[in-house]
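Engineer: For the sequence shown, position 5 (counting from the first letter as 1) is numbered 6 according to my numbering, and the numbering increases by one without interruption. We treat Cβ as the ideally placed atom computed from N, Cα and C, and that holds for glycine. The structure presented is a predicted model; accordingly, all values stated were derived computationally and were not measured.
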Amino acid sequence: MEKEESRQLAAIAVRALEEKKAVNVEVIEIDEISPLADYFVIASGTNLSQTDAMSDAVQQKAAEAGFVPDHVEGHRNGNWTLIDYKGVVIHIFDEEAREFYALDHLWRDGKKVTLEELTQ
């Protein structure tokens, strides 16, 4: 996936998550520190219904823009869903799992990016 496509997809994911009232949405640009992806998008939900809706919304909005995930893990278990689009990896947590895994802290060497920066 080209970097510009990754930026577009990350912005789509953030908007979809925000529409579902995601908590603490963070985008971390990691392409200069890891070959895993260009961006990690990390968000929390307060309950299983919300995290499922967040995951569904991201996948639906991405599909409408022509993006298909390489794979999805943990969907419907509620505490952590990973949606991997190669250039963008979306992590949807319940609040407890997010605190436990602390990806925001683990990837602190990456650059935090705002939605406005993604859409410039």
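#1: Okay, do the segment 41-59 and the segment 82-95 touch, 3+ Cβ pairs below 8 Å being the bar?
#2: Considering Cα atoms alone, identify which of A23, S35 and F41 is closest to Q9.
#3: Among D32, S35 and V28, which has the Cα closest to the Cα of A44?
#4: If you compare alpha carbons, which of V15, E6, E97 and K21 is closest to V114?
#5: Within the same chain, show all residues whose beta-carbon is closer than 8 Å to that of R88, passing over the 5 residues directly before and after it, in chain order.
Structural biologist: In terms of the structure at hand:
#1: yes
#2: The sequence position of residue 9 within the sequence shown is 8, counting from 1. Nearest option by C-alpha distance: F41.
#3: Within the sequence shown, numbered from 1, the residue matching residue 44 stands at position 43. Among D32, S35 and V28, the Cα nearest to that of A44 is on V28.
#4: Counting from one through the sequence shown, the residue named residue 114 turns up at place 113. The shortest Cα separation from V114 among V15, E6, E97 and K21 belongs to V15.
#5: As a working mapping, residue 88 is identified with position 87 in the sequence shown. Residue identity check: residue 88 is Gly in the sequence provided, not Arg. Result list for G88: M2, E3, K4, E6, S7, L10, A38, D39 and Y40, in chain order.
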